[in-house]
Amino acid sequence: DSGVTQTPKHLITATGQRVTLRCSPRSGDLSVYWYQQSLDQGLQFLIQYYNGEERAKGNILERFSAQQFPDLHSELNLSSLELGDSALYFCASSHGGRAADTQYFGPGTRLTVL
Amino acid sequence: AQKVTQAQTEISVVEKEDVTLDCVYETRDTTYYLFWYKQPPSGELVFLIRRNSFDEQNEISGRYSWNFQKSTSSFNFTITASQVVDSAVYFCALSEPYIGGYQKVTFGTGTKLQVIP
Numbered sequence: 178d179s180g181v182t183q184t185p186k187h188l189i190t191a192t193g194q195r196v197t198l199r200c201s202p203r204s205g206d207l208s209v210y211w212y213q214q215s216l217d218q219g220l221q222f223l224i225q226y227y228n229g230e231e232r233a234k235g236n237i238l239e240r241f242s243a244q245q246f247p248d249l250h251s252e253l254n255l256s257s258l259e260l261g262d263s264a265l266y267f268c269a270s271s272h273g274g275r276a277a278d279t280q281y282f283g284p285g286t287r288l289t290v291l
Numbered sequence: 157a158q159k160v161t162q163a164q165t166e167i168s169v170v171e172k173e174d175v176t177l178d179c180v181y182e183t184r185d186t187t188y189y190l191f192w193y194k195q196p197p198s199g200e201l202v203f204l205i206r207r208n209s210f211d212e213q214n215e216i217s218g219r220y221s222w223n224f225q226k227s228t229s230s231f232n233f234t235i236t237a238s239q240v241v242d243s244a245v246y247f248c249a250l251s252e253p254y255i256g257g258y259q260k261v262t263f264g265t266g267t268k269l270q271v272i273p
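Sequence lines, in order, name chains A and B.
Take the first sequence: its position 34, counted from the start at 1, is 211 in our numbering, and no numbers get skipped.
Take the second sequence: its position 99, counted from the start at 1, is 255 in our numbering, and no numbers get skipped.
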């Protein structure tokens, strides 16, 4: 158990809908990362937050957004969902968000768009 | 540009055999960090090891060992006397300082290891 929690574990929805994925980092970690893992794209970095502020952006679509709240939990919002958004979404956390930091991953949220 | 290559897509070995998973990386930074993660069939990503670019000492942890060679930009992972529980997808990752010093991590495409009893 990494100490990172993600809810829900599974999510099934329809095209065009909007969903919110939630992540709570390990105790003491200030940085949160979101990743998308799909069969064709592999593990793709989406976005990083540190202590409530966005710090780095990867291959995140404009239909996706995220935020980190004062209690350090983070939410990833996916809107206008398409079939291709079906994937496993991971949240990870690290203490300081620096290159030397190890990221610890949550169990993931499996999103299925029908 | 950052790049991590895991050329072996899938490997099958018989239990108790040794197996080496290859990882080759590209970076322009002199300071960087390399990681290995394991993703068992249950799906979660489990951290295995971190190595910084200034430490080329090989590391052994039980049946696991890692060989870091800067000259060939490789960070290979060997499992000795493999067991069925080692069956998983293994990812190599490269972390570099990004804007403001925050990290940018690039993952390889993973190597699926199947250990046959």
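Don't be surprised by glycine CBs; every beta carbon is placed ideally from N, CA and C.
Heavy atom of the ligand FAD within 7 Å of residue i beta-carbon
i: A/Ile189; result: Because no ligand of any kind appears in the structure shown, any question about the ligand FAD cannot be addressed here.
Opening and closing residue of the beta strand (DSSP E) in which residue i lies
i: B/Asn208; result: Val202 to Asn208
i: A/Ala200; result: It is worth fixing the name first, because residue 200 of chain A is Cys in this sequence and not Ala. Segment Val196 to Ser201, the beta strand (DSSP E) holding A/Cys200.
i: A/Phe314; result: Residue 314 of chain A lies beyond the range of chain A shown here (178 to 291); nothing can be said about it.
i: A/Tyr227; result: Gly219 to Tyr227
i: B/Ala237; result: Element bounds for B/Ala237: n/a, residue is neither H nor E.
i: A/His187; result: His187 to Thr190
i: A/Thr286; result: Thr286 to Val290
i: B/Tyr181; result: Val180 to Glu182
Per-residue burial, residue i [other beta carbons within 10 Å of its own, 16 or more giving buried]
i: A/Pro185; result: exposed
i: B/Asp211; result: exposed
i: A/Gly261; result: exposed
i: B/Arg219; result: exposed
i: A/Pro284; result: buried
i: B/Gln239; result: exposed
i: A/Arg232; result: buried
i: B/Pro273; result: exposed
i: A/Ala276; result: buried
i: B/Thr165; result: exposed
i: A/Gln218; result: exposed
i: A/Ser271; result: buried
i: B/Ile235; result: buried
Contact belief for residue i with residue j at Cβ below 8 Å, rounded distance in angstroms
i: A/Leu265; j: A/Gln214; result: 4 Å
i: B/Phe224; j: B/Phe231; result: 5 Å
i: A/Phe267; j: A/Leu253; result: Contact flag wrong, Cβ pair sits at about 10 Å.
i: B/Gly247; j: B/Tyr188; result: Here residue 247 of chain B turns out to be Phe, not Gly, going by the sequence shown. Actually they are not in contact, since the Cβ atoms of B/Phe247 and B/Tyr188 sit about 16 Å apart, beyond 8 Å.
i: B/Val180; j: B/Thr161; result: 5 Å
DSSP beta-bridge partners of residue i
i: B/Cys248; result: B/Trp192
i: B/Val271; result: B/Val169
i: B/Asn232; result: B/Asn223
i: A/Tyr212; result: A/Phe222 and A/Phe267
i: A/Tyr281; result: A/Ser270
Name the residues in the stretch 202-213 of chain B whose C-beta lies less than 9 Å from a C-beta of chain A; which are they? Val202, Phe203, Arg206 and Asn208
Relative to chain A, which residues along the stretch 245-266 of chain B have a C-beta separation below 9 Å, given in chain order? Phe247, Ala249, Ser251, Glu252, Pro253, Tyr254, Ile255, Gly256, Gly257, Tyr258, Gln259, Lys260, Val261, Thr262, Phe263, Gly264, Thr265 and Gly266
Report the residues of the stretch 232-243 of chain A with a CB closer than 7 Å to any CB of chain B, ordered along the chain. Arg232 and Ala233
Chain B contacts made by the stretch 263-277 of chain A, where a contact means CB separation under 7 Å: Leu265, Phe267, Gly274, Arg275, Ala276 and Ala277
Return the residues of the stretch 176-191 of chain B that lie within a Cβ-Cβ distance of less than 9 Å from chain A, sorted by chain order. Asp185, Thr187, Tyr188, Tyr189 and Phe191
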